[in-house]
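The sequence shown begins at 749 in this note's numbering and counts up one residue at a time. Glycine included, C-beta positions come from ideal geometry on N, C-alpha and C. Only a predicted model underlies this, so the values are computations on that prediction, with no experimental measurement involved. In what follows, a single structure is set out as structure tokens and then discussed.
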Amino acid sequence: MAFKTLIDRIGKSKVVLSPMVGYSDSPYRRLCRSEGSAFSITEFVSTEHLFRSNPRAISLFRYEESERPIVFQIFGNNPEIIVRGVSRVLNLNPDGIDLNMGCSVRNVSNSGSGAGLLKCLDKSREIIRRLVAETGLPISAKIRLGWNHDSLNYMETTAMLESEGVWAIAVHGRTRQMAYTGKAEWDRIGEIASARKIPIFGNGDVTSYADAMAKVEKYGVAGVYIGRGSFGNPWLFSGRDRSQLTYHERLPVILQHMDYMGDFYGDGLAAVLMRKQLHQYLKDLPLWVEIKAEMFSGKSAAALRSTLLRMSERAELVA
């Protein structure tokens, strides 16, 4: 079966960069993959836009070979549109397709996509069944515990997904109503992992490699997706503690990220997009207060690079 091939290619790593709009683009996926992320998952893309062959949507599936295994994450609520939309990008040769059933953003979930699919499991079943049958690729899904705490249907949802042939399920330990408030309920994730025979990946509130490994040990999950905890911290995937890294130790990785961004987006756009990344990389260092304004006014990646290199000597004085 196709999914077994994907499992064999993942290797021993237990940590995965979670798909996140605006962060898990190709440059950052490349960086995290090189640091030890088990495989790569794209930002989610609307199958409605794929069906219409929208160039912007298709461009979100650009990737480098070094990112493989590469999984395309999609969202939508119409089985026919989803399958036909995915068919438009199979020529890009992804290693798998992931159906987003967990996005809590209102304009997505209220339209019946993302976490909205948790309210309609018959439709979700049809989508998964057709993706498995018609793509020939390993299919996975990312879910939440339910729409709210009055409709916790994670056991029913995961049983359905397993029976329809997904190779893995990622579970964010919150409901749609919770969004990112409160705490992820890892006991429920562990309940799922103990009941299913396929790999279950946990997600929610993990901010370090050590914490991820502790979750694997305690809850029996196959691995851990790390989202917000990975912002500006690709070292997490290799088990290094960013707080212990000096400016000079961080700089080579930051510059590599900047190079990837320039190659992918072009110099001008790379500079704009890199600003938020630099904030995440350096916000815990005293130096950031001094260079923040200059970084946010930089109009090219070359200008940002020049500032970073120039501040290297200064970093020794304020570290």
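In whole angstroms, give me the CA-to-CA distance for residue i and residue j.
i	j	result
residue 1031	residue 979	11 Å
residue 889	residue 911	13 Å
residue 971	residue 766	11 Å
residue 1060	residue 993	14 Å
residue 868	residue 1049	46 Å
residue 849	residue 827	13 Å
residue 934	residue 958	16 Å
residue 1044	residue 1023	6 Å
residue 844	residue 819	5 Å
residue 898	residue 1011	48 Å
residue 782	residue 949	20 Å
residue 920	residue 801	30 Å
residue 787	residue 1041	35 Å
residue 878	residue 1052	47 Å
residue 1009	residue 813	16 Å
residue 1017	residue 1046	11 Å
residue 953	residue 758	23 Å
residue 1065	residue 1037	Because residue 1065 sits at a pLDDT of 48, beneath the cut-off of 50, its placement in the model cannot be relied upon, and the following sentence gives the value as read from the coordinates. Cα to Cα, the separation comes out at about 14 Å.
residue 1081	residue 777	With the chain covering 749 to 1067 only, the question about residue 1081 has no answer from this structure.
residue 773	residue 945	31 Å
residue 1039	residue 1005	19 Å
residue 825	residue 860	6 Å
residue 986	residue 832	38 Å
residue 917	residue 981	25 Å
residue 1033	residue 1000	16 Å
residue 966	residue 960	10 Å
residue 991	residue 1025	16 Å
Under DSSP, the beta strand (DSSP E) around residue i begins and ends at which residues?
i	result
residue 892	887-892
residue 764	763-765
residue 849	844-849
residue 951	948-951
residue 769	First-last for residue 769: undefined, no H or E at that position.
When we look at the beta-carbon of residue i and count the other beta-carbons within 10 Å, is it buried (16 or more) or exposed?
i	result
residue 795	buried
residue 943	exposed
residue 963	buried
residue 881	exposed
residue 1057	exposed
residue 857	buried
residue 756	exposed
residue 928	exposed
residue 760	exposed
residue 984	buried
residue 815	buried
How would you write the range of the alpha helix (DSSP H) that residue i sits in, first residue to last?
i	result
residue 967	957-967
residue 806	803-807
residue 837	No alpha helix (DSSP H) contains residue 837, which DSSP labels as neither H nor E.
residue 881	869-883
residue 902	902-911
residue 1044	1035-1045
residue 1001	995-1013
Nearest to residue i by CA position, among the options, is which residue?
i	options	result
residue 989	956, 1044 and 1002	956
residue 763	789, 774, 863 and 770	789
residue 1003	1055, 974, 1035 and 967	1055
residue 1035	952, 996, 973 and 914	996
residue 835	799, 811 and 854	799
residue 901	916, 981 and 865	865
residue 847	829, 840, 862 and 853	862
residue 769	823, 761, 815 and 816	823
residue 896	829, 973, 930 and 960	930
residue 915	903, 884 and 829	884
residue 780	1027, 1020, 894 and 975	975
residue 907	932, 870, 886 and 926	870
residue 904	926, 932 and 936	936
residue 841	803, 886, 829 and 830	886
Give a yes or no on whether the minimum CB-CB distance between residue i and chain B is below 9 Å.
i	result
residue 1003	The structure shown has no chain B; it contains just one protein chain.
List the whole-angstrom C-beta distance separating residue i from residue j, where the pair is believed to meet the contact cut-off of C-beta under 8 Å.
i	j	result
residue 792	residue 851	7 Å
residue 892	residue 922	6 Å
residue 909	residue 876	6 Å
residue 977	residue 938	Going by Cβ atoms, the distance from residue 977 to residue 938 rounds to 19 Å, so no, they are not a contact pair.
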